[in-house]
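K.L.:
The numbering of the sequence shown is our numbering, which starts it at 162 and goes up by one.
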Amino acid sequence: MNNYQTIFMSLFLIALFSASPLSASVSRTIAHTQEKMSGSRSHSLGNTNPVLIGDINASLINPASLNSVDTMPFSFSQLTIMGEFDYNVLSLSYPFDIPLSFLNARLKKQRISLGLNYGSVALNQIPQTILLNNEIWQVDSFKGGFQLVDFTSGTSFYDVFGLNAISLGTGLKFISSQISSFKAAGYGLDIGVIGSRFIDYHQLNSLHAGLAFHNILSSPIRYNSSNNKGILPTKAYLGLRADLYSDMLSLFLNNDQNGINLGAEYQLQENIVLRGSRASSSYNAGVGIIFDRISSGFSANDYTMRLDYNYQYNAYPFHKEPSHSFTFSILGNARPKPPLILSPYAEQLIINEPTIMLSGVGPKNTALQVYNNDTLARSTLTSKFGTWKIPRLDLNQGRNDLHIIAFDVTKELSNKSNVVTVFSDLISPTFNVNIKPKNNTYIVSVTANEQLDWLTGKIDNMALTFTQTNPQSQFKPVNPLLPSHWVSEFTAPDHLKNHAYLPKEMSMLYFQGSDLASNQSQLLQFPFFLQMDYPKDKHVHYKKTIRCIGSISPLISQLSINDHRIYIDQDLNFSISLELEAGKNLIPIQLTPTEGDDIYSYIRILRLKTFPDLTRRTKGKREIEFLATLGVLDSDFDNLFHPKKVVTRDYITKLMVLLMGETELKNPEYDLFFDVPKDHPYAPYILVAIDQGLMFAFPDGTFKPDQGLTLTEVVMMLVNAGIIDDVEVEEEAEGEYLTRAGLAEFLAYTPSYELKIERLINWEAGYDRPTQ
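Okay, structure coming up:
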C-alpha cells in the first residue's frame with residue numbers, strides 16, 4: 162500500500178470512529194426517513210443493506226456503494242408503504258479520474274464516482290383535530306413530509322490491509338421537513354466502507370463486509386414560528402455478504418432499526434435475479450429483470466437496463482397492508498466493465514528493463530486485449546474473481562502507452578482501462594559539452610539527450626556541481642525523452658587561469674550521469690584545452706629551431722602559437738617549427754573556443770648555446786654553455802669551442818672586445834704587427850683592443866697572438882678592462898696555462914657572471930608574461 166492510501170485510510174478511520182453528532186444536546190430526535198430511500202433491490206435484501214457493491218440505488222444507505230460505477234447510471238425508485246406513505250428516489254452518478262501524488266511520488270489517477278440523490282416522502286390529508294367536550298373533532302387537514310438532496314462520492318483501493326479491495330464513500334445531504342405550515346432544514350454527513358476478500362474455498366468465492374454511519378455530523382433542525390427543534394439521528398449499519406457458486410448465490414446479513422435481517426440473492430438466469438429477506442416483523446420478496454443491449458435512440462451506444470420489484474409482507478396487525486417498491490435503472494453501456502491496471506501502480510514509470518509485469522482487475526471470466534501504443538500486443542483472460550496478470554509483456558524501446566480492453570463476442574468492446582505509460586530505457590545517456598571561458602571563470606554547459614537523475618563532474622581534483630536549467634519537476638508527468646540542460650560555473654584554478662603557464666599535462670574534464678531509468682553513462686572525459694606533447698613548459702633546448710607537437714580539445718575552434726595561426730588536422734593534432742633565440746624564450750599560445758573569451762597560455766623554453774665538440778664528459782660543459790648563451794664565450798671560426806685549447810692572447814682579446822659591447826668591427830687596412838697581418842682572423846678585434854687600451858704590444862713590436870696565458874694573467878686583463886672585479890687566485894706553476902674550459906669554470910663563479918647565470922636558469926624571472 163502506498164503512502165497516499167495509508168494516509169487516506171487513516172484519516173477515514175479516525176473520522177469513522179471518533180465522530181459524534183453536533184446536536185447531541187438537542188432533546189428530540191426526528192424520524193430517519195433516509196432508511197427507506199433506497200432501491201427495490203436494497204429493500205429485498207434487508208432494506209438497509211450496506212454491502213451492495215456498485216449499485217447507486219444503495220448509495221443513500223452506504224455511499225461506498227458507488228465504488229464500481231464506470232459509466233453514468235441512472236435510477237428511479239418508488240416505495241409505497243401500507244398504501245399511505247410514498248417514497249420517491251432519483252439517483253444518478255458519474256465517474257471520473259483525478260491525479261494523486263504524495264511527496265513527489267509516482268503519479269496515479271484515482272477513479273472517483275460522484276453521485277446525486279434526490280429523495281422525498283409525503284403524506285397528504287392528515288387530519289387536524291381538537292379535543293372538545295372530551296370528544297375529538299376534525300377541524301381541518303394538513304400535509305407533511307421530508308425532502309432530501311444528497312451529494313455522494315466513492316472510490317476503491319486494491320490490495321490494502323490484507324483485503325483484495327476496499328471501498329470508501331462519503332455523502333453530504335441537505336434535508337428539509339414540513340409539517341403543515343411549519344418548515345425546517347438541516348444537513349448531515351454520512352460515511353461508509355466496504356471491504357472484499359477473495360476466498361475460493363470449496364463453493365465459497367468471496368466475503369464482503371460493509372459499515373455505514375449516517376449523520377456522524379449534523380445540524381439541529383429548527384421549525385419556523387416555533388421553538389421546537391430536532392436532530393438527525395446517528396445510525397450505524399453493519400452488513401456481511403458471502404458469494405457462492407461462482408457468484409450465482411449471495412447471502413446477506415445486516416441490521417436495521419428493527420433488528421437483524423437475513424437475505425439472499427440468486428441468479429436464476431443470466432437476466433433474471435430472485436431476492437428475498439426476513440426481518441423480525443416483515444418478509445421481503447423481489448425480482449430483478451435485466452434488459453441488455455437496449456438502443457436509446459439518442460446515442461449510438463446500447464444500454465443495459467434493469468427493472469426491480471419488491472413485495473414486503475408485514476406482521477400483524479399490518480398484515481393486510483403490504484408495501485410495494487419499484488425501481489427502474491439504467492446500468493450504463495451494454496458492454497463489459499472496463500478493466501483496471503493495478504500494477505504498476507503509477508500512471509507513468511521509467512524502467513531499464515525490456516519487459517514489465519502487468520496485473521489488475523476486470524470483468525470475471527472475460528477475454529482481455531492488451532494494447533501497446535494502440536497496437537494489439539497480446540491477449541489474456543480474467544479469473545473467476547476478475548483478476549488478471551501478465552508476467553512478462555515485451556516493451557518497445559522508448560515510450561509504451563499500455564491499456565486494456567475487455568472483449569466479449571456477445572457485446573461491444575469495453576471502454577479502455579486506465580493508461581499506464583512505461584518508458585523502457587536500456588541505453589545510457591549521451592552528452593554534448595560546451596565550455597565558455599569568461600575572464601577567469603568557466604561555464605560548463607552539458608546537454609543530455611534525455612532527462613537525467615543526476616550528473617556529476619570534476620576537473621583534475623575539483624568537483625563540479627551541476628544544476629538543471631530546464632527542470633520538469635513542475636510538469637507532471639515528466640517526459641524522460643526530452644533533452645535536459647545542465648550548467649556548472651566555477652573559478653579556474655591557478656594553472657587554468659588566463660595568461661598562466663601551460664601545464665605539463667592537459668587537464669581533463671570528467672563527466673558521468675544517470676538517466677531516470679538508472680542507466681549510468683561511462684566516465685567520459687574531455688580535454689581542457691590543449692596538450693603540448695613537445696615541448697613542455699620549462700623546456701631546455703640546444704637547437705636554433707624547435708618543433709611544437711600537440712593536440713587540442715574539440716571545444717577549440719582556432720589555435721595560434723607565437724602569433725602564427727596553426728593548422729589543425731581532423732584528429733585535432735598540430736605541429737609547427739619555431740625559431741629560438743639564445744637564452745630565455747616565452748612562447749605565447751592563443752586559444753579561441755567555440756564560445757566565450759580567448760584563452761592565453763605560455764611555454765617557457767631555455768635555449769642553451771652549445772658546440773659540436775662538447776660531450777657529456779667535457780670538463781666545464783655546463784659553464785661553457787651558460788656563458789656561451791650569455792654571449793661571453795664563442796666558438797672559433799670552425800664553429801668548435803676546443804675546450805682543452807689554451808687561452809691565447811688573441812682569444813682573450815676577442816672575448817674582451819665582445820664583452821665591452823663593441824660591435825663596429827672593421828678589417829684593418831694594414832698589418833697591425835709583425836705577427837698580426839691585416840688578414841689575421843683576430844685582426845679586427847686586436848685593432849679595437851689596441852685603440853681602447855685593452856691590450857698592448859710587446860717592446861719588440863710583436864703582439865704574440867698565439868702566446869698562452871695563465872689564470873693570473875687573464876684575471877689581470879679582465880680586471881684592467883673593468884669586466885670583472887679583482888679577485889685573488891692561487892699562484893700557478895710555471896708554464897701552467899689556462900684552458901678555455903678552465904676560463905669558463907672561472908668566469909661562471911665570479912660574482913657578476915654567477916648572478917647572470919642564476920637569472921638565466923631561473924624559470925620564475927626574466928619572462929615577460931602578462932599577468933591578466
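Heads up, the beta-carbon is just placed ideally off N, CA and C, and yes, glycines get one too.
Quick caveat, the model's predicted, so the values are computed rather than measured.
Hey, quick one: how far does the alpha helix (DSSP H) through PHE907 stretch, first residue to last?
P.N.:
901-909
K.L.:
When burial is assigned at 16 or more other CB atoms within 10 Å of the CB, is LEU309 buried or exposed?
P.N.:
buried
K.L.:
In chain order, what residues of the same chain lie with their CB nearer than 6 Å to the CB of PHE178, ignoring the 5 residues before and after it?
P.N.:
With a pLDDT of 41 at PHE178, under the threshold of 50, the modelled position of this residue cannot be trusted; read the value that follows with caution. Listed in chain order, the non-local C-beta contacts of PHE178 below 6 Å within the same chain number zero, local neighbours out to five positions each way being set aside.
K.L.:
Hey, HIS656 and SER606 are a contact pair by Cβ (cut 8 Å); roughly how many whole angstroms apart?
P.N.:
With 8 Å as the limit, HIS656 and SER606 do not qualify as a contact, their Cβ atoms being about 22 Å apart.
K.L.:
With a CB to CB cut of under 6 Å and the five nearest residues on each side skipped, what residues in its chain are close to HIS480?
P.N.:
none
K.L.:
Straight-line CA distance for ARG539 to TYR532?
P.N.:
7 Å
K.L.:
Evaluate TYR119 with the Cβ neighbour count: other Cβ atoms within 10 Å of its Cβ, from every protein chain shown; 16 or more gives buried, anything less gives exposed.
P.N.:
Nothing in the structure corresponds to residue 119, since the chain is present only between 162 and 933.
K.L.:
If you drop the 5 nearest sequence neighbours on each side, which residues of the same chain put their C-beta closer than 7 Å to that of LYS665?
P.N.:
LYS697 and ASP698
K.L.:
Am I right that TYR474 and VAL448 are in contact with their C-beta atoms under 8 Å? What's the rounded C-beta distance?
P.N.:
For TYR474 against VAL448, the beta-carbon gap comes to about 15 Å, at or over 8 Å, which does not count as contact.
K.L.:
Assign TYR477 to one of three DSSP states: helix, strand, or coil.
P.N.:
coil
K.L.:
Looking only at DSSP bridge pairs, what is TYR914 linked to?
P.N.:
According to DSSP, TYR914 bridges with nothing at all.
K.L.:
Does TRP924 pass the burial test, meaning 16 or more other C-beta atoms within 10 Å, or should it be called exposed?
P.N.:
The residue in question, TRP924, is exposed, as its Cβ has fewer than 16 Cβ neighbours within 10 Å.
K.L.:
Grab me the residues of ASN249's own chain with a C-beta within less than 6 Å of its C-beta, minus the 5 sequence neighbours each way, in chain order.
P.N.:
GLN239 and SER281
K.L.:
Alpha carbon to alpha carbon, how far is ASN462 from ALA219? Give it in angstroms, no decimals.
P.N.:
26 Å
K.L.:
For ARG439, list the residues DSSP reports as bridge partners.
P.N.:
LEU423 and TYR444
K.L.:
Can you tell me which of the three DSSP states LEU616 falls into?
P.N.:
strand
K.L.:
Take VAL522 and list the residues in its own chain whose beta-carbon comes closer than 6 Å to its own, dropping the five residues that flank it on each side.
P.N.:
Hits under 6 Å: LEU501, GLY547 and THR548.
K.L.:
Span of the alpha helix (DSSP H) holding ASN881?
P.N.:
872-881
K.L.:
Near LEU350, what residues of its chain come up, given a Cβ to Cβ distance below 6 Å and the 5 sequence neighbours on each side ignored?
P.N.:
LEU333, ILE377 and LEU378
K.L.:
Leaving aside the five residues before and after LEU820 along the sequence, list all residues of the same chain whose C-beta is less than 6 Å from its C-beta, in chain order.
P.N.:
Counting only residues of its own chain and dropping the five nearest sequence neighbours on each side, LEU820 has a CB closer than 6 Å to the CB of ILE884.
K.L.:
Do you know how far the Cα of PHE627 is from the Cα of GLY559?
P.N.:
26 Å
K.L.:
Measure the Cβ-Cβ separation of ALA446 and SER203 and say whether it is below 8 Å.
P.N.:
no
K.L.:
Where are the beta strand (DSSP E) runs, 3 residues long or more, that stay fully inside the segment 307-370, in chain order?
P.N.:
324-340 and 343-362
K.L.:
Helix, strand or coil, according to DSSP, for GLU919 in the structure here?
P.N.:
helix
K.L.:
With a Cβ-Cβ cutoff of 8 Å, do TYR427 and LEU410 count as a contact?
P.N.:
yes
K.L.:
Excluding sequence positions up to five away, which residues of its chain have a Cβ less than 6 Å from the Cβ of ALA266?
P.N.:
At ALA266, the pLDDT of 45 sits below 50, so the modelled position is not reliable and the matter cannot be decided from this model.
K.L.:
Taking Cβ to Cβ, would you say PRO749 is nearer than 8 Å to ASN723?
P.N.:
yes
K.L.:
Since PRO688 sits in a beta bridge, which residues does DSSP pair it with?
P.N.:
MET669
K.L.:
In the structure shown, what three-state DSSP assignment does ARG778 receive?
P.N.:
coil
K.L.:
Closest to THR608 by CA distance: which of LEU642, VAL581 and ASP417 is it?
P.N.:
LEU642
K.L.:
Check each candidate in LEU574, LEU767, ILE707 and ALA440 and name the one with the smallest Cα separation from SER112.
P.N.:
Outside the shown range of the chain, which is 162 to 933, sits residue 112, and nothing can be said about it.
K.L.:
Looking at C-alpha atoms only, which residue of GLY674, HIS702, SER226 and GLY781 is the closest neighbour of GLU742?
P.N.:
HIS702
K.L.:
If you draw a straight line from the C-alpha of LEU284 to the C-alpha of ASP247, how long is it?
P.N.:
In this structure, the alpha-carbon of LEU284 lies about 7 Å from that of ASP247.
K.L.:
Ignoring anything shorter than 4 residues, give me the alpha helix (DSSP H) runs that lie fully in the segment 761-834, in order along the chain.
P.N.:
DSSP runs (the alpha helix (DSSP H)) wholly in the segment 761-834: 782-790 and 810-820.
K.L.:
Any idea what DSSP makes of THR628, helix, strand or coil?
P.N.:
strand
K.L.:
Given this structure, state the Cα-to-Cα distance separating HIS938 from ILE352, to the nearest angstrom.
P.N.:
Residue 938 lies beyond the stretch modelled for the chain, which goes from 162 to 933, so this question has no answer here.
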